[in-house]
Structures are given as C-alpha cells and as structure tokens.
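Structure record follows, encoded as structure tokens.
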Amino acid sequence: MHRAKKAGIALDIERKLEEKYNEEDALGTPDRVIKWINEILKGEHAPCTRTGWRHLQFHLRDGIVLCKFINKLLESEEKQTVKFSKNSHTAFIAMENIEHFNKLDMVFMKLIYSRAWICMKEGKERF
1 MHRAKKAGIA LDIERKLEEK YNEEDALGTP DRVIKWINEI LKGEHAPCTR TGWRHLQFHL
61 RDGIVLCKFI NKLLESEEKQ TVKFSKNSHT AFIAMENIEH FNKLDMVFMK LIYSRAWICM
121 KEGKERF
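Be aware that the sequence shown starts at 1, since it is given in full-length UniProt numbering, and climbs by one per residue.
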C-alpha cells in the first residue's frame with residue numbers, strides 16, 4: 001500500500017522540516033547528541049555507531065535507550081527512576097517506553113529549571 005505524494009502546504013512543511021534537519025546535520029548536532037548519549041550509557045547499552053538524524057532516530061525508536069538515558073540522569077540527581085520494558089518487540093511497548101521517558105523528562109527538566117532559577121536569583125553563574 002502506497003501513500004499519495006504530498007502536495008501544497010503539506011509538501012512545503014515537509015521541505016522546511018527537511019531543510020532544518022539538513023542545517024542541524026551541517027552543524028553536527030546529531031553527532032554530538034549521539035556522542036553524549038553513548039558517553040552517558042557507556043557499558044549499559046550498545047552504542048549508536050553511525051551518525052546522522054536517521055541513525056539517531058532508528059537508535060531511539062523503541063524507547064529503551066531513552067529510558068536508560070533519563071534514568072541515568074535521574075540517578076545522578078538521586079531521584080526515583082522508572083521501570084520500562086527492556087524488550088520492545090511491539091509498537092505498543094515501544095510507545096509505552098517513550099511515554100515513560102516523556103514523563104521522566106518533564107520531572108528532570110523541572111529540576112534543572114528550578115536549580116537554574118535559584119542560581120540566577122543568588123547571582124551564581126553555574127549550578
């Protein structure tokens with residue numbers, strides 16, 4: 001089964017998104033993200049060995065790396081981590097893992113923002 005080709009506004013949006021990905025690729029953003037994730041999860045998950053957005057998306061698609069990554073960050077802050085499915089054989093389980101990551105990401109970001117706010121009020125440059 002094939003989808004109809006995009007046209008009009010949908011085609012314009014797709015082109016703009018593709019341009020943005022190309023800009024970020026040229027800046028090396030996906031490579032830096034892959035390197036950061038590999039450093040955080042060293043020894044706990046198989047590293048993403050290829051570069052570029054498509055390989056990064058493929059590596060993150062089942063949510064396992066995302067959950068391990070956010071759990072590792074939360075552990076460093078002595079916060080509670082989440083249990084997730086380490087064998088993501090179906091799209092449903094992958095979506096559950098990604099949902100767990102999204103919830104934990106919000107917790108972690110609130111923690112970082114609150115620390116940044118306190119440091120800013122106290123006149124500190126770093127937290």
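Using N, Cα and C, we set each Cβ at its ideal position, and we do this for glycine too.
Beta-carbon contacts of Leu-88 that lie in its chain and below 8 Å, excluding the five residues immediately before and after = Per the sequence presented here, residue 88 reads as Ser, with Leu not at that position. Cβ neighbours of Ser-88 beyond the five flanking positions: Asp-62, Gly-63, Ile-64, Ala-94 and Asn-97.
6 Å Cβ shell around Cys-67 - same chain, five flanking residues per side excluded = Phe-84, Asn-97, His-100 and Phe-101
Could you give the distance in angstroms between the alpha-carbon of Glu-39 and the alpha-carbon of Gly-8?
-> 42 Å
Simplified DSSP state of Phe-127, which is helix, strand or coil | Low confidence applies to Phe-127: its pLDDT is 46, below 50, so where it sits in the model is not reliable, and the reading given next is rough at best. Coil, per DSSP.
Enumerate in chain order the residues of its own chain whose CB-to-CB distance from Trp-53 is below 8 Å, with the five nearest sequence positions on each side excluded.
-> Tyr-21, Glu-24, Asp-25 and Pro-30
Just confirm the distance between the C-beta atoms of Ile-34 and Thr-51, as a whole number of angstroms; I'd bet it's less than 8 Å.
-> 6 Å
DSSP state of Asp-105, grouped into three classes?
-> helix
Proximity of Leu-104 and Leu-60 at Cβ, strictly below 8 Å = It is not a contact, given that the beta carbons lie outside the stated cut-off.
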